[in-house]
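Visitor: Line order of the protein sequences matches chains A and B. The first sequence begins at 1 in this note's numbering and counts up one residue at a time. The second sequence begins at 1001 in this note's numbering and counts up one residue at a time. In this text, a Cβ means the ideal position worked out from N, Cα and C, and glycines have one as well. Structure provided below as structure tokens; questions to follow.
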Amino acid sequence: MKRSPADVFLPNRFVPPRAMLLVIGFQVAVALLIWILSPFKVLPKPLEVFSALGALVRDSEFTQAVGSSFTVFFKALGLIVGISLGLSYLTVVPFFRPLVNAITKGRFLSLVGFSVLFTLILQDGAKVKLAMLVLGGVTFLLTSTADVVAQIPRAQFDHARTLRMNEWQVVWEVVVRGTLSQMFDSIRQNAAVLWALIPVVEVMFRVEGGLGQLLDVERKYLHLDRVYSIQFVFVSIGLLQDWGIGLLRGMLCPHADLTKERQSG
Amino acid sequence: MAEYEIRETLLKIDGVSLTLGGKLILRDVHAEVKNVHRQGMSQGQVVGLLGPSGVGKTRLFRILAGLDSPDSGQVLLGAEGKPVARGSVGVVAQDYPLFAHRTVLSNLMVAAGQVGKKESDCRALLERFGLTGHEKKYPAQLSGGQRQRVSIAQQLLCSDHLLLMDEPFSGLDLVALGTVIQFLGEIAATDELKTFVIVTHDIEAAIEVCDTLWLLGRDRDEKNEIIPGARVQKVYDLMALGLAWRDGITDDPAYLALLREIRAIFPLL
């Protein structure tokens, strides 16, 4: 098919990466222009935000906050992924299905009610913060990972069985290895939600500091340039961890995107 | 007509019946595959299980594969009559299943590992199937024909002698169909005990590739109403008809007569 510049506006057309870069450049330029020309006085201009960002990264408190938020994030993500994947794989045993089903319904519960309970049981703000994140995270990630396992077609199990595999080998080959790329997709989405939740719990439980607390302090003093510079950092780190998970998925599951029309972004 | 001798039983379907959701699907199915010996040749058996859609072919296929158990009756393998168990029979399903997360070579290696075979066995099979150079590809990178061959190779590695194929001619154009028919004939000729049971509703292709045809269908009562439960109603011996192991049979009057006969019966099955 003959290519033309109009392809970028037509459905299901292939656009070469260089042309796509031009489109991205154009959209970023328009966004910056809108920002610069914005009539809202409370919205700091790009230069103010980036100058605040320069001051921020030189501040030792900021480095500490990033480290603290990152530590909480990785601890929570590790626990959420471990628990969710473990429970999802356990659904191959019928005994565990009602339990997993019940836990996934927990996503309709309000976490606020649990903060008091966790505080009384754990008596440590840092642990309560982690427990809240894990409880919230597991209910959502488990919903999608358990569904990935439930959706495996019978033909895939039968195929493994015809190769003389016992049922545990079938589980390893079909359920664990066969769904790894889909599990990464679920983890990737839930990690983004988890990262967005970090400032919320950091403000709720004021222990260990963190970017959320820093953001809250600047917000109270209406240092909007610093608020948006922290937001910029937050988004950047979020994109970086998202890219990292995507990279890991690509390394461990190189087959996953072979049949897609568009590569995963 | 080619000289041949019928020897020991390789596969026996002995009174298999199956009911699903209160509906009788298979009723007292009996059939047998025997070793056909041709002097000075290695000649496997190719049996076609023909029947219209919905008659119970897939159910019988799953029972033959050891994936499902019948309500009564049994499937016995070999002269010693060993009951079928899953894994003892190679199964190539219609969509040629492979492990999408494994490369071609790795797909074969995982099957070989189950029966203590080595990488050299896998590479030899890849060479024989014309797949050398595709070892590092993933199933998603293969053409339909290549995928079919890898799937057959995977099953051949860890099954004994019996290979079941579900609709191997489905969706193929004439050229691809000819290639598959030739390919199956070649594999069948690699081992005297090799037995293919091909489940299909493609009458022409089945007559071309098979040496025996089983017609699966439901009987009718005196009011011409269908009696629930399919059974093997008719067995055609294509060897006796002089239609087996020959190329270019499609102009043979015997081929055309058989095709007409089966086509006439088919809607009534």
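1) Is B/Gln-1182 helix, strand or coil by DSSP?
2) For A/Ser-264, collect the residues of the same chain with a Cβ closer than 7 Å to its Cβ; drop the 5 residues on either side in sequence, then sort them by chain order.
3) By a C-beta neighbour count over all protein chains shown, 10 Å radius and 16 as the cutoff for buried, is B/Ile-1227 buried or exposed?
4) Distance cutoff 9 Å, beta carbons only. Does A/Leu-272 sit that close to anything in chain B?
5) With distances taken Cα to Cα, identify the nearest neighbour of A/Leu-141 among A/Val-201, A/Pro-199, A/Lys-2 and A/Gly-106.
6) Quick check: the Cα distance between A/Leu-77 and A/Ala-191, rounded to an integer number of angstroms?
7) Buried or exposed: A/Gln-123, going by 16 or more other Cβ atoms within 10 Å of its Cβ?
8) Should A/Met-251 be labelled buried (16 or more other beta-carbon atoms within 10 Å of its own) or exposed?
9) Tell whether a beta-carbon distance below 9 Å holds between B/His-1161 and A/Cys-253.
10) If distances are taken between C-alpha atoms only, which option among B/Val-1089, B/Leu-1020 and B/Thr-1009 comes closest to B/Glu-1080?
11) Measuring alpha carbon to alpha carbon, tell me which residue in B/Gln-1148, B/Leu-1105 and B/Val-1209 is nearest B/Ser-1120.
12) Would you list the residues sitting across from B/Gly-1217 in a DSSP beta bridge?
13) Relative to the C-alpha of B/Leu-1157, which residue among B/Val-1115, B/Arg-1059, B/Ile-1181 and B/Phe-1169 is closest?
14) Quick one: which chain A residues come within Cβ less than 7 Å of B/Tyr-1138?
15) Does DSSP put A/His-159 in a helix, a strand or coil?
16) When you compare only the Cα positions, how much space is there between B/Met-1239 and B/Thr-1195?
17) What are the residues that DSSP puts in a beta bridge with B/Phe-1196?
18) Report the residue from A/Leu-120, A/Gly-125, A/Phe-118 and A/Ile-80 whose alpha carbon sits nearest the alpha carbon of A/Ile-103.
19) Under 7 Å Cβ-Cβ, which residues of chain B neighbour A/Asp-158?
20) By DSSP, does B/Asp-1237 sit in helix, in strand, or in coil?
21) Considering only the alpha carbon of each residue, which of B/Val-1029, B/Met-1165 and B/Phe-1266 lies closest to B/Val-1047?
22) CA-CA distance, A/Trp-168 and B/Val-1180?
23) For B/Phe-1196, go through chain A and note every residue whose CB falls closer than 7 Å to its CB, in chain order.
24) Spell out whether any CB of chain B is found under 9 Å from the CB atom of A/Gly-345.
25) Could you tell me the boundaries of the beta strand (DSSP E) in which A/Asn-190 lies?
26) Going by Cα to Cα distance, which pick from A/Arg-226, A/Gln-241, A/Ile-237 and A/Gly-67 is closest to A/Val-42?
27) Can you name the residues that DSSP bridges to A/Val-176?
28) Cutting at 6 Å between CB atoms, please list the residues of its own chain near B/Leu-1064, excluding the five before and the five after it.
29) B/Glu-1222 by DSSP, collapsed to three states: which one?
30) Go to B/Glu-1032, then tell me how far its beta strand (DSSP E) extends in each direction, as first and last residue.
31) Any idea what DSSP makes of A/Arg-270, helix, strand or coil?
32) Only counting the same chain, and skipping five residues up and downstream in sequence, which positions put a Cβ closer than 6 Å to that of A/Val-148?
33) So which of A/Leu-194, A/Phe-114, A/Leu-211 and A/Ser-38 has the shortest CA-CA distance to A/Val-266?
34) On the premise that A/Glu-218 lies in contact with A/Ser-69, defined as a C-beta separation below 8 Å, what is that separation, rounded to the nearest angstrom?
35) Does B/Leu-1018 come within less than 9 Å of chain A when only Cβ atoms are used?
Guide: Answer, in terms of the structure:
1) Residue state, collapsed to three classes: helix.
2) A caution first: A/Ser-264 carries a pLDDT of 46, below 50, which makes its placement in the model too unreliable to give a value.
3) It is exposed - the Cβ of B/Ile-1227 has fewer than 16 other Cβ atoms within 10 Å.
4) Limits of chain A in this structure are 1 at one end and 265 at the other, which puts residue 272 of chain A out of reach.
5) The shortest C-alpha separation from A/Leu-141 is found at A/Gly-106.
6) Going by the C-alpha atoms only, they are around 7 Å apart.
7) By the neighbour-count rule (16 or more Cβ atoms within 10 Å), A/Gln-123 is not buried but exposed.
8) Label assigned to A/Met-251: exposed.
9) Their beta carbons are not under 9 Å apart, which means B/His-1161 does not touch A/Cys-253 by this criterion.
10) The alpha carbon of B/Glu-1080 has as its nearest neighbour, out of B/Val-1089, B/Leu-1020 and B/Thr-1009, the alpha carbon of B/Thr-1009.
11) Checking every option, the nearest Cα to that of B/Ser-1120 belongs to B/Leu-1105.
12) Partner(s): B/Arg-1231.
13) Closest in C-alpha terms to B/Leu-1157, from the list B/Val-1115, B/Arg-1059, B/Ile-1181 and B/Phe-1169, comes B/Val-1115.
14) The contacting residues are His-255 and Leu-258.
15) If DSSP states are grouped into helix, strand and coil, A/His-159 belongs with the helices.
16) So the two alpha carbons sit approximately 15 Å from each other.
17) Beta-bridge pairing by DSSP links B/Phe-1196 to B/Val-1046 and B/Leu-1163.
18) Out of A/Leu-120, A/Gly-125, A/Phe-118 and A/Ile-80, A/Ile-80 has the C-alpha closest to the C-alpha of A/Ile-103.
19) Result: Leu-1067.
20) DSSP places B/Asp-1237 within a strand segment (E or B) once states are collapsed to three.
21) Per the Cα distances, B/Met-1165.
22) Straight across, the Cα-Cα distance linking A/Trp-168 with B/Val-1180 is about 35 Å.
23) Here the premise fails: no neighbours, minimum Cβ distance about 15 Å.
24) As shown, chain A starts at 1 and ends at 265. That puts residue 345 of chain A outside it, with no answer to give.
25) Boundaries around A/Asn-190 are those of the alpha helix (DSSP H), 180-204, since no beta strand (DSSP E) includes it.
26) Comparing Cα positions, the closest option is A/Arg-226.
27) Paired residues: none, contrary to the question.
28) These residues qualify, in order along the chain: Val-1075 and Leu-1164.
29) Coil.
30) For B/Glu-1032, the enclosing beta strand (DSSP E) covers residues 1023-1037.
31) Absent from the model: residue 270 of chain A. The displayed extent of chain A is 1 to 265, so no value can be given.
32) Cβ within range, chain order: Thr-179 and Gln-182.
33) Residue coverage of chain A in this structure runs from 1 to 265, which leaves residue 266 of chain A outside it and unanswerable.
34) Between A/Ser-69 and A/Glu-218 the beta-carbon gap is near 15 Å, outside 8 Å, which marks them as no contact.
35) Not one chain A Cβ lies under 9 Å of B/Leu-1018.
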